[in-house]
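Presented below is the structure to which this report refers.
Number of protein chains: 2
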Amino acid sequence: MGTQYDALVARLRDIHNLNMASSLLGWDQQTQMPAGGVEARASQLATLSKLSHEMFTSDETGQLLEDAAKEVGDDYDSDAASMVRVVQEDYDESTKLPTEWVTEFTELTSKADSIWVKARQDADFSQFQGTLERIVEMVRQKTELLGYDDHPYTALLNQYERGITTTQVKQIFDDHKPGLIDLIAGITENADQVDDSILRRPYNVDKQRDFGLKMIEAYGFDFNRGYQAISVHPFCTHFSSNDVRITTRFESNFLNPALFGMMHEAGHGMYEQGIGQNLEGTPLASGTSLGVHESQSRMWENLVGRSKGFWSWALPQLKETFPHLESVDLNTFYKAINKSAPSFIRVEADEVNYNLHIILRFEIEMDLITGDLAVKDAPEAWNTKFEEFFGIIPTDDAKGVLQDVHWSYGIQGYFPTYALGNLLSVQYYNKAVEAHPNIPSDIANGKFDTLLTWLNENIHQHGRKFTSDELTQKITGESIQSRDYLDYLTTKYSDIYGL
Amino acid sequence: MGTQYDALVARLRDIHNLNMASSLLGWDQQTQMPAGGVEARASQLATLSKLSHEMFTSDETGQLLEDAAKEVGDDYDSDAASMVRVVQEDYDESTKLPTEWVTEFTELTSKADSIWVKARQDADFSQFQGTLERIVEMVRQKTELLGYDDHPYTALLNQYERGITTTQVKQIFDDHKPGLIDLIAGITENADQVDDSILRRPYNVDKQRDFGLKMIEAYGFDFNRGYQAISVHPFCTHFSSNDVRITTRFESNFLNPALFGMMHEAGHGMYEQGIGQNLEGTPLASGTSLGVHESQSRMWENLVGRSKGFWSWALPQLKETFPHLESVDLNTFYKAINKSAPSFIRVEADEVNYNLHIILRFEIEMDLITGDLAVKDAPEAWNTKFEEFFGIIPTDDAKGVLQDVHWSYGIQGYFPTYALGNLLSVQYYNKAVEAHPNIPSDIANGKFDTLLTWLNENIHQHGRKFTSDELTQKITGESIQSRDYLDYLTTKYSDIYGL
Chain A
123 MGTQYDALVA RLRDIHNLNM ASSLLGWDQQ TQMPAGGVEA RASQLATLSK
173 LSHEMFTSDE TGQLLEDAAK EVGDDYDSDA ASMVRVVQED YDESTKLPTE
223 WVTEFTELTS KADSIWVKAR QDADFSQFQG TLERIVEMVR QKTELLGYDD
273 HPYTALLNQY ERGITTTQVK QIFDDHKPGL IDLIAGITEN ADQVDDSILR
323 RPYNVDKQRD FGLKMIEAYG FDFNRGYQAI SVHPFCTHFS SNDVRITTRF
373 ESNFLNPALF GMMHEAGHGM YEQGIGQNLE GTPLASGTSL GVHESQSRMW
423 ENLVGRSKGF WSWALPQLKE TFPHLESVDL NTFYKAINKS APSFIRVEAD
473 EVNYNLHIIL RFEIEMDLIT GDLAVKDAPE AWNTKFEEFF GIIPTDDAKG
523 VLQDVHWSYG IQGYFPTYAL GNLLSVQYYN KAVEAHPNIP SDIANGKFDT
573 LLTWLNENIH QHGRKFTSDE LTQKITGESI QSRDYLDYLT TKYSDIYGL
Chain B
123 MGTQYDALVA RLRDIHNLNM ASSLLGWDQQ TQMPAGGVEA RASQLATLSK
173 LSHEMFTSDE TGQLLEDAAK EVGDDYDSDA ASMVRVVQED YDESTKLPTE
223 WVTEFTELTS KADSIWVKAR QDADFSQFQG TLERIVEMVR QKTELLGYDD
273 HPYTALLNQY ERGITTTQVK QIFDDHKPGL IDLIAGITEN ADQVDDSILR
323 RPYNVDKQRD FGLKMIEAYG FDFNRGYQAI SVHPFCTHFS SNDVRITTRF
373 ESNFLNPALF GMMHEAGHGM YEQGIGQNLE GTPLASGTSL GVHESQSRMW
423 ENLVGRSKGF WSWALPQLKE TFPHLESVDL NTFYKAINKS APSFIRVEAD
473 EVNYNLHIIL RFEIEMDLIT GDLAVKDAPE AWNTKFEEFF GIIPTDDAKG
523 VLQDVHWSYG IQGYFPTYAL GNLLSVQYYN KAVEAHPNIP SDIANGKFDT
573 LLTWLNENIH QHGRKFTSDE LTQKITGESI QSRDYLDYLT TKYSDIYGL
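One line per chain: the protein sequences are A and B, in this order. Here my numbering is used: the first residue of the first sequence is 123, the next is one more, and so on. Here my numbering is used: the first residue of the second sequence is 123, the next is one more, and so on.
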């Protein structure tokens with residue numbers, strides 16, 4: 123490649139390294155940092171973010187992009203052409219945000235995190251209200267700085283799912299909302315078909331951890347290039363495709379959160395570990411969108427981890443770890459882990475209810491951004507909508523409006539990608555099985571590399587070279603749709619609940 | 123203060139934050155990072171180090187220093203005058219090292235760390251030899267770049283103990299070497315006076331950790347502004363005076379390494395936690411020299427933690443944690459933890475033998491730098507000197523030349539500061555007791571704040587405002603000397619061994 127392209131890549135590597143350092147500061151803040159460190163950490167993150175933003179949005183980067191574009195040729199799929207194309211889009215987006223705004227926002231959201239942790243602990247929204255008001259104000263500024271066509275919220279969506287519009291998302295949500303509501307109604311009438319009490323009893327946390335680690339190692343999460351820790355809200359981050367971190371939240375009286383949480387984060391982690399080494403140290407070395415990322419976590423959590431085939435292999439091992447399960451048969455266990463019922467906490471919601479949790483957040487976020495809803499009224503709006511959607515009201519704000527870390531991060535517009543990920547997980551999985559019909563039977567034999575290799579080849583290796591829609595078109599021949607997901611849910615839950 | 127001074131401080135804060143981020147990347151590498159992360163981490167550290175070095179050594183910083191100097195007045199002790207004075211010295215030192223050299227050295231030593239860990243594990247110096255050869259070569263370049271008067275090694279010493287010369291250090295070492303040798307001879311003749319077998323038996327690691335944490339919390343290490351983790355080689359680092367980290371290495375069959383190691387690192391940690399908040403986020407917010415730093419760790423480890431008074435308070439608690447100690451009396455325990463005998467590992471060496479370990483390294487480092495000794499011959503030179511000094515030969519390189527992490531870090535010139543710290547620990551402690559004669563009886567009652575407050579006021583709060591010698595003159599009215607240390611050792615060990 124030409125000398126300007128090489129100079130561009132060298133510059134992007136320094137910027138990438140600053141961003142990876144920021145990610146590590148964030149990881150440490152969630153997993154080890156003492157409370158006293160919060161002020162200094164905010165200042166450190168502000169410096170790194172400022173320097174990275176200054177370097178990236180500088181005229182020098184703009185000029186290198188322009189010059190490198192002339193060197194990379196017109197092979198759309200090549201690493202070099204993709205680098206210039208994708209980074210040019212990043213550059214156009216980033217140059218819209220002034221350095222001062224980015225610095226202030228980073229400092230604000232860094233401090234907000236500890237405030238949110240405390241507020242959630244105390245189930246007291248008022249501790250967080252002032253901070254959230256300032257965040258919403260700055261996010262609103264962001265929509266104006268970034269620009270949008272149909273709705274200010276589109277500016278936020280596009281940060282996580284490039285090219286998608288609020289209108290589109292609303293349409294996709296509307297497409298499957300009635301089907302979900304019908305399915306939930308059917309399940310509610312047959313609620314007595316499933317009993318999950320065996321999962322809700324004391325489970326030794328160390329043993330939960332050991333078993334979960336064994337499962338995700340079997341999946342293919344590479345611990346030579348990965349690490350697991352504990353945090354309040356589970357997440358996955360990476361500082362290289364060869365250094366991928368996941369966290370887990372354990373509950374001592376319920377098996378599901380940690381076990382399926384580990385499978386979920388491992389799904390994210392294996393995506394990052396699968397990025398081609400040719401992209402290492404570049405801005406393309408990451409999952410392409412949050413929706414595609416979530417398709418991977420949900421696939422390993424639900425389509426694999428909550429399948430009957432998987433547990434025909436894993437249940438005997440779980441029984442060895444927890445002998446009190448000895449008398450539980452496969453079908454009872456399979457139904458228990460797939461019990462569906464409205465609940466307060468999104469991260470614990472089952473597959474059927476999950477997307478409704480997202481639609482609630484989507485609607486509230488839109489109203490906060492337009493100003494139709496004041497921050498101080500968010501808890502009430504949350505609870506009102508919750509009753510309307512699920513027929514129950516959160517018992518306190520920790521189980522309601524305070525449950526998610528996202529708003530303290532200032533990443534409004536992120537939530538919809540969870541629902542898009544659910545849809546994509548089934549679209550992709552169906553194609554994988556079409557290519558390799560033995561995948562389900564492999565899973566039932568504890569063999570996961572057929573699926574993982576297909577994902578590596580078709581999705582992971584490409585990093586950010588292709589957008590979510592380009593990838594989905596390549597793989598499935600169509601764009602994201604809700605048909606496959608609703609079919610999957612209907613078939614699975616009709617069987618479980620005898621609908 | 124003036125606008126140029128404020129601009130200087132703002133610029134220094136960004137540089138400081140880059141350096142603190144580097145420290146966190148280093149901490150993570152030692153405590154959590156998976157093996158696969160090593161290449162990416164080296165690249166990240168190289169970027170941060172390059173940017174920090176570029177920003178600090180830029181003409182802009184030089185100009186700000188020059189302009190700020192006109193604004194700060196001539197009150198030598200003021201924060202502002204100290205800032206400009208000390209940072210000007212840093213600047214003069216740093217501008218001598220070209221950015222390319224610093225980047226290459228950082229990348230080299232970052233990779234060297236993992237290679238050293240593996241070589242030490244396998245007790246195989248040949249795995250590390252090539253890397254060390256390159257490090258020594260670059261360190262030699264460094265001495266020429268930095269410049270020196272009496273000996274190239276002085277250039278290295280001055281990085282850790284500003285203003286001291288190789289000639290001086292050699293003199294101070296020569297001053298107390300004969301006294302140490304006499305004392306060791308006396309102890310060796312009376313070796314049967316002390317039996318430490320009660321310390322060398324299984325000690326549950328979790329209980330060791332719990333007890334150690336209780337002790338250092340009693341000392342005054344603030345866990346709201348501090349955190350402890352596990353690593354191969356114990357160390358202390360900080361990202362703010364409000365975010366101080368220490369690590370511990372546990373042995374399941376010997377009580378001393380973790381217990382006294384925690385006291386030692388807590389001594390370092392309390393120094394950092396005691397830095398004045400007025401200096402937070404500035405380059406003065408750190409201990410002033412490695413020698414003074416070590417005086418704090420050694421004081422809490424030895425003068426407090428290995429005193430009979432301390433254990434008159436702590437032994438009953440240790441007996442609760444480890445009931446098999448129930449029948450051990452105070453005097454037996456006190457003698458056991460102070461057993462003195464030649465041993466291979468510096469970090470396990472007792473107070474009497476310790477400085478000889480340093481003198482060995484001092485001599486080998488000087489010969490490596492001058493080229494009188496080739497790297498490939500270092501293991502043999504080490505073992506030859508070891509026999510000469512201690513009468514025993516290390517059984518393998520892990521117990522010899524490979525035992526310390528320092529050379530892989532490229533911090534040749536660092537070792538002598540350990541011995542200087544031992545000397546200063548007694549000089550300072552004697553002054554503290556002169557000011558507050560109740561300190562020994564307070565310690566015997568588990569009350570440590572009299573000593574800690576004195577240290578906070580006389581040493582900690584000043585950060586890097588004063589050099590080691592300025593501080594020692596202020597506190598003791600003289601420079602560093604070995605008289606107090608030798609007196610202390612002679613009195614203490616004559617009692618223990620009945621000399």
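Yeah, the Cβ is synthetic: ideal placement off N, Cα and C, and Gly gets one too.
Separation of G409 (chain A) and G389 (chain A) (C-alpha to C-alpha, rounded to the nearest whole angstrom) is 12 angstroms. Beta-bridge analysis with DSSP links Q350 (chain A) to A:I368. Annotated three-state conformation of T410 (chain A) is coil, per DSSP. For S374 (chain A), no alpha helix (DSSP H) segment is defined, and its DSSP state is neither H nor E. What P156 (chain B) touches in chain A, judged by beta-carbon distance under 7 angstroms, is F345, N346, R347, G348, Y349, D365, going in chain order.
Non-local beta-carbon contacts of E423 (chain B) in its own chain, meaning distances under 7 angstroms to residues more than five positions away in sequence, involve F382, M385, H386, G389 in chain order. C-alpha of L302 (chain A) to C-alpha of M337 (chain B): approximately 58 angstroms in a straight line. In the three-state DSSP reduction, S530 (chain B) falls in the helix class (H, G or I).
For T359 (chain A), the enclosing beta strand (DSSP E) covers residues 358 to 362.
In the pairwise beta carbon analysis, the segment 397 to 413 of chain A is classified as not touching the segment 430 to 438 of chain A: fewer than three pairs are separated by under 8 angstroms. Boundaries cannot be given for L425 (chain A), as no alpha helix (DSSP H) includes it and DSSP labels it neither H nor E. The alpha carbon of P405 (chain A) has as its nearest neighbour, out of A:G148, A:Q126, A:F178, the alpha carbon of A:F178. Per DSSP, R322 (chain B) is not a residue of any alpha helix (DSSP H), being assigned neither H nor E. Restricting attention to B:A143, B:T228, B:L134, the CA atom closest to the CA of Q151 (chain A) is found in B:A143. Those residues of the segment 389 to 407 of chain A placed with their C-beta closer than 8 angstroms to a C-beta in chain B are E402, G403, ordered along the chain.
Boundaries of the alpha helix (DSSP H) around N505 (chain A): 500 to 512.
Going by DSSP, V450 (chain A) is part of no alpha helix (DSSP H) at all; its letter is neither H nor E. One finds G159, A162, R163, Q166 in chain B with Cβ atoms closer than 8 angstroms to the Cβ of F361 (chain A), taken in chain order.
The three-state reading of DSSP puts P300 (chain A) in helix, counting H, G and I together. Considering only A:H582, A:Q583, A:V555, A:I581, the residue with the shortest C-alpha distance to T572 (chain A) is A:V555. If you look at D314 (chain A), you'll find it isn't in any alpha helix (DSSP H); DSSP assigns it neither H nor E.
The segment 358 to 367 of chain B and the segment 323 to 341 of chain B do not touch, with fewer than three beta-carbon pairs separated by less than 8 angstroms. In this structure N460 (chain A) does not touch R483 (chain A) by the C-beta definition: roughly 24 angstroms separates them, more than the 8 angstroms allowed. Under the Cβ criterion of 9 angstroms, R135 (chain B) is counted among the residues facing chain A. Going by DSSP, E222 (chain B) is part of the alpha helix (DSSP H) stretching over 221 to 243.
Within the same chain, A190, E193, V194, A202 come within 7 angstroms of Y127 (chain B) by CB-CB distance, once the 5 residues on both sides are set aside. Here the segment 308 to 328 of chain A lies against the segment 447 to 459 of chain A, with 3 or more beta-carbon pairs under 8 angstroms apart.
In this chain, M155 (chain B) is not harboured by any alpha helix (DSSP H), its DSSP state being neither H nor E. Counting only residues of its own chain and dropping the five nearest sequence neighbours on each side, D518 (chain A) has a CB closer than 6 angstroms to the CB of A245. Sorting B:E229, B:W223, B:V258 by C-alpha distance to the C-alpha of L267 (chain B) places B:W223 at the top. E176 (chain A) and A132 (chain A) have their alpha carbons spaced roughly 16 angstroms apart. Just measuring C-alpha positions, the residue of A:H138, A:M421, A:P562, A:A500 sitting nearest F247 (chain A) is A:A500. Excluding sequence positions up to five before and after L230 (chain B), its CB lies within less than 8 angstroms of the CB of T253, R256, I257, M260, G532, all in the same chain and listed in chain order. Shown here, D472 (chain A) sits in coil according to DSSP, grouped into three states, outside any helix or strand. Between L186 (chain A) and the set A:A168, A:V209, A:S165, the nearest pair of CA atoms involves A:V209. Secondary structure at Q290 (chain A): helix, using DSSP grouped into helix, strand and coil.
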